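Remarks on the structure that follows.
Chains as they are written, first to last, in this note's numbering: chain X, 1 to 332; chain S, 1 to 332.
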């Protein structure tokens, strides 16, 4: 078990730095593998030392100075060129230099993917990284990949995503042989696009438990553990589920209230919480030479703490080592 | 106002012929523009005459003999070659010959698209037809196109879909200047795929009210009246919404019941009904030389009657005439 450090971008996200620092405190309180010695807080050092101390944070955490910050709306490529000392590239640099094993940020997704790809490079056998998100409110957890890193993938990229997400499910979620499905618009082989047809044939030959096409409606039926798709469709699925639950739950509550049988908000609090992005623990950028977790920009402290937990679990589960071994054994 | 006939495929769908015939009766009872003289029942003539009469159906409807039937699971191209006398191609032939203006079927979607394209041909100015579905449970109705006819569209196809769906919204839903959005994974111009980037530029020049990119979560916020996308993504959206509501509503009900504040099923009956495919009134195949409505295979009599209603409205609203005029005026 590695105890590599986790570089946490204190300046990332809509509620930074406060929500990030509070999330770090929560992670230290709640998750045993997250120790102060493992946490490396990245940002304007003086500012974060002061705020961390004001919150009563442990003095045993590390600090890494990054005087610049990349905003949520900045164009990733431009921002990364203009701000080499921003918290995102500095955190990636810490992993590159061996001072940390993971980066966690609630910041600019494009900047995270760009910095990780340029600074950490991809793992041996991986052409393009993919973003994986584990949805936990379904009958069993589903890891969907790619959620938007790669909107024009090759079929071989989808095979790499399948192998990587399988390694993650095995190492972190304790599923030794996760079932892998290909998101498609029908069950039959010939359904879908040129990409899905080619990917389907390649996935059937890959060293994974491939179950074939999975239709979107089947996501909620516990049929598969890993779902692979292109980054455009994956991002549509993620955002549609988020937006639709925010629309539908109030409608059901409203209909119940109108009928004279109102539902107390606390009755559905657990359900709403389980569906919220804050329970996801952030997205995992699979395929780069380091553990990279990208949280939702809207993350609160709970979401930050879950992202830090997933970083520790991914490091300690040796996910990348498993990925490299699986791909070397003929995974893609 | 045209009073062209509506050819109804009595053999299409999981509950044919009974649900189709009952749906025809409902349409006659409920919708003024649907008269017995306008209905043309297509299928094995002796069988459907007998059943129609047993249900007390008006003797003034027409019958068109089609001794063969294409099953839901059959491969469209193969089935259309092998069964020229099946109800789907016979109904299309009636439109081609001028004996009807519309075809309505709950049958094999691929066979409907294939037969419509081959027999009716596309409208002047249209390269490939697209499937439009109007979602009615959102704050205002949204017509999404393409829902699966064309999984590898060109950017110009999306412009044609936008023009056609705008004509439909104007003629049938009474929205003179429907707002058109492009489904994308971000607001910014540079987001998405090569297709969305090219389509965005072309849509901005088209004679429609283009509002730019619309994110999946914004579907439920009344931001747009028409949403264009490729057929793969559109089909994913449709099936995801269907599957997610079937998953989520029982979860909310269950949580309320566990909390001791159960919700009576009748409280949410209206909501569930509004979200069901049977309220959609079927999908409209836009871009072929005739009105073609494809219902859900699971359609009950209500869904069938709504599909017949939409066929009458689309005919009477002169949607195809508007499409041809708009495209000739520089629509794509």
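Ideal Cβ positions, reconstructed from N, Cα and C, are used throughout, including at glycine.
Since this is a predicted model, take the numbers as computed values, not measurements.
| Asked | Found |
| --- | --- |
| Where residue 127 (chain X) falls, given that 16 or more other Cβ within 10 Å makes a residue buried | exposed |
| Buried or exposed by the 16-neighbour rule on C-beta atoms within 10 Å, applied to residue 317 (chain X) | buried |
| Unbroken beta strand (DSSP E) run spanning residue 134 (chain X), endpoints | 130 to 135 |
| Three-state secondary structure (DSSP) of residue 268 (chain S) | coil |
| Residue 31 (chain S), DSSP secondary structure in three states | coil |
| Contact the stretch 25 to 38 of chain X vs the stretch 298 to 310 of chain X: 3+ CB pairs below 8 Å | yes |
| Residues bridged to residue 6 (chain S) (per DSSP) | S:39, S:102 |
| Contacts that residue 241 (chain X) makes with chain S (C-beta to C-beta distance below 8 Å) | 240, 244 |
| Cβ-based neighbour list, residue 211 (chain X), same chain, cut-off 7 Å, excluding 5 preceding and 5 following | 179, 180, 181, 224 |
| Chain X contact for residue 296 (chain S) (CB, 8 Å cutoff) | no |
| Helix, strand or coil at residue 122 (chain S) [DSSP, three-state] | strand |
| Close beta carbons around residue 132 (chain S), own chain, < 6 Å, minus the five adjacent residues each side | 143, 145, 165, 284, 286 |
| Cβ of residue 222 (chain X) within 8 Å of any chain S Cβ | no |
| Three-state secondary structure assigned by DSSP to residue 329 (chain S) | helix |
| Proximal residues of chain S, C-beta to C-beta of residue 235 (chain X) below 7 Å | 185 |
| Local conformation of residue 14 (chain X) per DSSP, three classes | coil |
| Partners in chain X for residue 290 (chain S), counting only beta-carbon separations shorter than 9 Å | Simply none; closest approach about 25 Å. |
| Residue-chain proximity (residue 70 (chain X), chain S), Cβ-Cβ < 8 Å | no |
| Close-in-space but distant-in-sequence residues of the same chain around residue 220 (chain X) (CB under 7 Å, 5 per side omitted) | 138 |
| Neighbouring residues, chain X, relative to residue 263 (chain S) (Cβ below 7 Å) | 256, 261, 263 |
| Contacts that residue 249 (chain X) makes with chain S (C-beta to C-beta distance below 8 Å) | 248, 252 |
| beta-carbon residue 144 (chain X) near the ligand FAD non-hydrogen atom, thresh 7 Å | In the structure shown, the ligand FAD is absent, as is every other ligand, since no ligand is present at all. |
| Reduced DSSP secondary structure (H/G/I, E/B, other) of residue 240 (chain S) | helix |
| Unbroken alpha helix (DSSP H) run spanning residue 306 (chain X), endpoints | 301 to 316 |
| Identified DSSP bridge partners for residue 334 (chain X) | Past the edges of chain X, shown from 1 to 332, lies residue 334 (chain X), and the structure says nothing about it. |
| Residue interval of the alpha helix (DSSP H) (run including residue 158 (chain S)) | 155 to 172 |
| For residue 209 (chain S), the first and last residue of its enclosing beta strand (DSSP E) | 209 to 214 |
| Identity of the residue in X:57, X:150, X:105, X:59 nearest residue 72 (chain X) by Cα | X:105 |
| Straight-line Cα distance separating residue 62 (chain S) from residue 324 (chain S) | 29 Å |
| CB contact flag (residue 291 (chain X), residue 320 (chain X), <8 Å) | yes |
| Neighbourhood of residue 92 (chain S) by C-beta distance below 7 Å, restricted to the same chain and skipping five residues each side | 103, 115, 116, 119, 120 |
| Alpha helix (DSSP H) segment containing residue 196 (chain X), residue limits | 194 to 205 |
| Within chain X, partners of residue 142 (chain S) - CB distance below 8 Å | Going along chain X, no residue has its Cβ under 8 Å from residue 142 (chain S), so there is no contact; the nearest lies around 12 Å. |
| Whole-angstrom distance between residue 263 (chain S) and residue 255 (chain S), CA atom to CA atom | 10 Å |
| Inter-stretch contact at 8 Å, needing at least 3 Cβ pairs: the stretch 2 to 18 of chain S / the stretch 78 to 97 of chain S | yes |
| Under 9 Å by beta carbon: chain S residues contacting residue 219 (chain X) | 240, 243, 244, 247 |
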